[in-house]
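Take a look at the structure below.
Residue numbers (full-length UniProt numbering), protein chains in the order written: chain A, 1 to 359; chain B, 1 to 352.
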């Protein structure tokens, strides 16, 4: 039976890193200060490494630019995207913490319907710390939330749930639309606050947005590779989508949960739809092949770790998507490189110390 | 997306009366219900005279009507208690049916406005469902929403929605153990969303507040799962949970959708969860067998219509669940009999 939470949400300040990709500045952190200041930040600086990114006073952070990434990964740096926020996954790899929260630098604190500032990080932590229920849909959404429970007919044997690997948050104001939709509805704003968290059922895929995302790095980290995007690549704005399809297949296989819904952040910047269209164009077509691929992807029983699952997926990507475009052969290679780099930087039983610029 | 406007004449509101005095119920719903045709079915076990206020366009069916159509030996077996509503589904000739329990009243939304559940259910049923890929902004056809980045374009036309499952404020639809352990627990959270329950995902459909497309799935909503100790309180039934899973399998097979979320009704206190708890936890135990069965159930290509799907399901229930508990063998029989009854009394050519 779900119990209403009486104790406050733990801060997890020594167990969680906030990963922020940026190319411009980090002014947005001022607004987040009350909620983020206690946490360690990992800033992944994309674009020109000579530009100095000013971090507001009082934050504890490490910062990596392209030069750092190349230095740390050597030839394996080829798997990290350049000139695309996909580079953020480097931050996941170098983190030593159990949990990651990643947020875009144009995302601000939103207000809930009663006008109160939303502590997005606290809600993500709540989502990650309590179980998911992927095997049977609860019509009252997250049964572990205060004020909710499992409904009549929900089997008792499924009420313990499974560990939550990913918490996918949403956005008020500028919605995360693709370029064609943006072009058709340039003025549409998301003003609807849906007061729910829910588990995405097993066997169901979803479009994972990296703007406001948290995950348990120990449970699913190696699968959070954001692919090859941006400079020199035929596609952009599909980094988080790619990661989302991979993690969902793997979570379904390993019996882990993915939640979506609260918390909301306020998304302030609408990117240029024409620029977006150029980046997404191929993705819109390829998607039609990718979705059936992921929907039917199965992993053998002996894939018992995330890394094994991911390597197996990369083989299937090579075999089945290679014929869609050569890009997928490159991507399959990059997936393997990513795992090799991950394992190198995260040896089991040891801790590598890296020299990212920062305090 | 442009909303399709449905004439009121295509809607029937079906109420199963398990209590005899419907006066306050009907008065509360009058502003919303009065423009539609209503079918009220009196629980054949109810002895008292039914009290229905005037000013409604209503057909009332009682035990004698049910006896006439199905034969008195079947009446109690099929249509007593909450299941009396299915007789209303059988008799209706409308495309859309909206059904609520008689202890539910209009609720207010988060802006304080009275919720028109009929309009919302009809809206859910007349806009497409999207069962093949999850949209993180929920129903993409709602005003102010759309498909998000990454949603495949080929899936954006959606499929027909066959079933709309609403929710409840105040007394949520919890089972007896949950309600008994948390007697003060009330649902006060208004979740402003409608979403499609993904294909092959099973869910507990609550009969307390539903709408459905009778043309698409009428034959698949039936009174089949009657607990030995079934009583007159929702905590003591699983008939809706059972047929909800049957409907979901049928929808998944036929490529139609099921939505869940808005609208909300306000559900009042009736009965005592602790008293219900004292009865055998038959329903709770049965769910442990029921869920894995439905999750793995696949129908053959030969099952094209909802009727054919139900017949195939009944065979599977008989074969795989029959040996587990006699209630399943009875359910399988009831499903087969229902389809026979539907063909005779439920189709367009039959006279109500």
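Beta carbons: idealized from backbone N, C-alpha and C, even for Gly.
What first and last residue would you give for the beta strand (DSSP E) that runs through residue i?
| i | result |
| --- | --- |
| residue 62/A | 60–64 |
| residue 199/A | 197–199 |
| residue 257/B | 257–267 |
| residue 213/B | 209–213 |
| residue 22/A | 16–22 |
| residue 102/A | 99–103 |
| residue 238/B | Here residue 238/B belongs to no beta strand (DSSP E), and DSSP marks it neither H nor E. |
| residue 6/B | No beta strand (DSSP E) holds residue 6/B; DSSP gives it neither H nor E. |
| residue 44/A | 40–45 |
| residue 117/B | No beta strand (DSSP E) contains residue 117/B, which is instead part of the alpha helix (DSSP H) from 117–126. |
Closer than 8 Å by C-beta to residue i: which residues in its own chain qualify, once you throw out the five before and the five after it? Chain order, please.
| i | result |
| --- | --- |
| residue 280/A | 178, 179, 235, 236, 237, 238 |
| residue 58/B | 37, 38, 39, 40, 52 |
| residue 336/A | 311, 314 |
Who are the near neighbours of residue i in its chain, counting only those whose CB is closer than 7 Å to its CB and skipping five residues on each side?
| i | result |
| --- | --- |
| residue 198/B | 131, 134 |
| residue 138/A | 150, 151, 154 |
| residue 331/A | 227, 228, 317 |
| residue 34/B | 55, 56 |
| residue 19/B | 102 |
| residue 206/B | 165, 173, 240 |
| residue 86/A | 226, 227, 229, 230, 239 |
Kindly list the residues whose CB is nearer than 6 Å to the CB of residue i, restricted to its own chain and excluding five residues on each side of it in sequence; keep chain order.
| i | result |
| --- | --- |
| residue 137/B | 145, 148 |
| residue 38/A | 13 |
| residue 82/A | 230, 231 |
| residue 12/B | 37, 39, 92, 94, 97 |
| residue 167/A | 124, 127, 128, 214, 259 |
| residue 45/B | 80 |
| residue 273/A | 179, 182, 183 |
| residue 2/A | Low confidence applies to residue 2/A: its pLDDT is 46, below 50, so where it sits in the model is not reliable enough to give any reading. |
| residue 78/B | 223 |
| residue 269/A | 106 |
| residue 70/A | 77 |
| residue 274/B | 180 |
Work out the CA separation of residue j and residue i for me, nearest whole Å.
| i | j | result |
| --- | --- | --- |
| residue 210/B | residue 100/B | 7 Å |
| residue 95/A | residue 114/A | 36 Å |
| residue 187/A | residue 121/A | 28 Å |
| residue 257/A | residue 251/A | 6 Å |
| residue 238/B | residue 255/A | 28 Å |
| residue 90/B | residue 60/B | 13 Å |
| residue 307/A | residue 293/A | 20 Å |
| residue 9/A | residue 243/B | 40 Å |
| residue 218/A | residue 340/A | 16 Å |
| residue 23/B | residue 260/B | 29 Å |
| residue 301/B | residue 203/A | 22 Å |
| residue 15/B | residue 309/A | 52 Å |
| residue 73/A | residue 88/A | 14 Å |
| residue 155/B | residue 116/B | 30 Å |
| residue 140/A | residue 191/A | 22 Å |
| residue 27/B | residue 189/B | 26 Å |
| residue 158/B | residue 216/A | 33 Å |
| residue 298/B | residue 310/B | 12 Å |
| residue 171/A | residue 194/B | 17 Å |
| residue 334/B | residue 325/B | 15 Å |
| residue 63/B | residue 118/B | 27 Å |
Provide the residue span of the alpha helix (DSSP H) that contains residue i, from first to last.
| i | result |
| --- | --- |
| residue 331/B | 326–341 |
| residue 73/B | 72–79 |
| residue 386/B | Nothing in the structure corresponds to residue 386/B, since chain B is present only between 1 and 352. |
| residue 37/A | Looking at the DSSP string, residue 37/A is not in any alpha helix (DSSP H), and its letter there is neither H nor E. |
Any idea which residues DSSP pairs residue i with across the strands?
| i | result |
| --- | --- |
| residue 108/A | 266/A |
| residue 39/B | 14/B, 59/B |
| residue 106/B | 265/B |
| residue 195/B | 260/B |
| residue 82/A | 230/A |
| residue 185/B | DSSP output for residue 185/B lists no bridge partner at all. |
| residue 260/A | 168/A, 198/A |
| residue 21/B | 51/B |
| residue 98/B | 13/B, 211/B |
| residue 129/B | 159/B |
Indicate, with yes or no, if the ligand GDP has a heavy atom lying under 6 Å from the CB of residue i.
| i | result |
| --- | --- |
| residue 338/A | The ligand GDP is not part of this structure, which contains no ligands at all. |
Ignoring anything shorter than 3 residues, give me the beta strand (DSSP E) runs that lie fully in the region 144–174 of chain B, in order along the chain.
161–170
Could I get the ranges of all uninterrupted alpha helix (DSSP H) runs contained in the region 161–248 of chain A, with 4 residues as the minimum, in chain order?
If we require 4 residues or more, the alpha helix (DSSP H) runs fully inside the region 161–248 of chain A come out as 179–184, 217–220.
Tell me the start and end of each unbroken alpha helix (DSSP H) in the region 292–357 of chain A that is at least 4 residues and wholly inside, in chain order.
306–316, 327–345
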